[in-house]
Amino acid sequence: EHIFITTKLYTTTGGRRQVLQSFQQSLNNLMVNYIDLYLIHAPQGGHVLEAYDTMLELQKQGRIRSVGVSNFGIQHLEAIRNSGRPLPSVNQIELHPWMQNVPIVNYCRQHGIALMAYSPLAKASVLNDPYLQRFASKYRRSPAQILLRWSLQNGFIAIPKTSHIHRLEENLNIFDFHLSDKDMARLSEYGRARSRGTGWDPTQNDWSQFGPVY
3 EHIFITTKLY TTTGGRRQVL QSFQQSLNNL MVNYIDLYLI HAPQGGHVLE AYDTMLELQK
63 QGRIRSVGVS NFGIQHLEAI RNSGRPLPSV NQIELHPWMQ NVPIVNYCRQ HGIALMAYSP
123 LAKASVLNDP YLQRFASKYR RSPAQILLRW SLQNGFIAIP KTSHIHRLEE NLNIFDFHLS
183 DKDMARLSEY GRARSRGTGW DPTQNDWSQF GPVY
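Be aware that the sequence shown starts at 3, since it is given in my numbering, and climbs by one per residue.
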């Protein structure tokens, strides 16, 4: 009860059967009887809405606390909304100053969808940026902590990845300082002018190319 467990359905290709098999496998692997947040990994097409319906059924059974998606663009979320289904609780997308995804962020905020930020440190590709390091020096924090504060103050659920205890401790030590409004705006403007993602952008997927959406 002190740990929030999130995991994903990697593919929706097999529809309902795929969801039930993958979900049970996750329960077995994690040795739990429910999942706090279950996500569709990406808008890959192939019976997405059938898979989504199955996840909603599992939620009604109490086996999933919240249903979410990952890497969904506005068009994918609109397909769910226009079908009359409830929108997901969470959309997990790449978010950091260099990848702000403003249209998707605005849509999710408008519709009450929480935003989970993966790669909040831009896969460490910007940690040596001189401009970012200026903020780190000013606040006497690491560049990673500055980026996590940026996510936190934007209302994002940041999920940095690390396999090192000292970095985990560093990532958690961000609740005793605050970036000023001016510095938030400066960092956002700087990143926006140099916009870049860290990999494939599935939010633009034409999911019909992978098979029937239903």
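In this text, a Cβ means the ideal position worked out from N, Cα and C, and glycines have one as well.
Would you mind giving the Cβ-Cβ distance between residue i and residue j, rounded to the nearest angstrom? I have them listed as a contact below 8 Å.
i, j, result
"G40", "G64", "The residue you asked about is not Gly; residue 40 is Tyr in the sequence shown. With a Cβ gap of about 12 Å, Y40 and G64 do not count as contacting."
"I7", "L32", "6 Å"
"Y206", "M186", "Looking at the sequence shown, residue 206 is not Tyr but Gln. About 27 Å; that fails the 8 Å criterion."
"Q94", "S121", "The Cβ separation is near 10 Å, so there is no contact."
"A53", "I37", "Actually they do not touch by this definition, with Cβ atoms about 15 Å apart."
"I106", "G157", "The pair is not a contact, with the Cβ atoms about 14 Å apart (cut-off 8 Å)."
Output the distance between the C-alpha atoms of residue i and residue j, rounded to the nearest integer angstrom.
i, j, result
"R151", "H49", "38 Å"
"Q211", "I159", "With a pLDDT of 49 at Q211, under the threshold of 50, the predicted position of this residue should be treated as unreliable, and no value is reported."
"I115", "L22", "25 Å"
"L60", "S182", "43 Å"
"N108", "G16", "32 Å"
"A195", "S28", "41 Å"
"L134", "L123", "11 Å"
"H168", "I176", "14 Å"
"F137", "E80", "38 Å"
"G213", "Q77", "Its pLDDT being 49, under 50, G213 is placed unreliably in this model, and the value from its coordinates should be taken loosely. Approximately 16 Å between the Cα atoms of the pair."
"Q20", "T13", "8 Å"
"Q26", "I5", "19 Å"
"E3", "K184", "39 Å"
"R83", "M57", "16 Å"
"H166", "R188", "30 Å"
"R18", "T164", "33 Å"
"C110", "N30", "32 Å"
"V34", "L117", "25 Å"
Going by DSSP in three states, residue i sits in which element: helix, strand or coil?
i, result
"L51", "helix"
"L117", "strand"
"L129", "coil"
"H78", "helix"
"E96", "strand"
"S190", "helix"
"I161", "coil"
"L89", "coil"
"I66", "strand"
"L32", "helix"
"A138", "helix"
"S1", "In the structure as shown, the chain begins at 3 and stops at 216. Residue 1 is therefore absent and cannot be evaluated."
"L217", "Shown here, the chain extends from 3 to 216; a query on residue 217 therefore has no answer."
"Y109", "helix"
Can you tell me which of the options puts its alpha carbon nearest to the alpha carbon of residue i?
i, options, result
"D178", "R143, G193 and S197", "R143"
"V92", "E191, L170, R196 and K10", "K10"
"G193", "Q26, V104 and P45", "V104"
"H180", "E3, Y141 and R18", "Y141"
"V128", "S68, S197 and R18", "S197"
"S68", "R188, I82 and L89", "L89"
Residue i and residue j: beta carbons closer than 9 Å?
i, j, result
"S2", "L97", "Residue 2 falls outside the range modelled here, since the chain spans only 3 to 216, and no answer is possible."
"S190", "Q102", "yes"
"E1", "A146", "What the structure shows of the chain is the stretch from 3 to 216, and residue 1 is not part of that stretch, so it cannot be assessed."
"A126", "I161", "no"
"D55", "R87", "yes"
"L51", "S24", "no"
"P217", "L149", "Because residue 217 is not part of the residues shown, which for the chain are 3 to 216, the question remains open."
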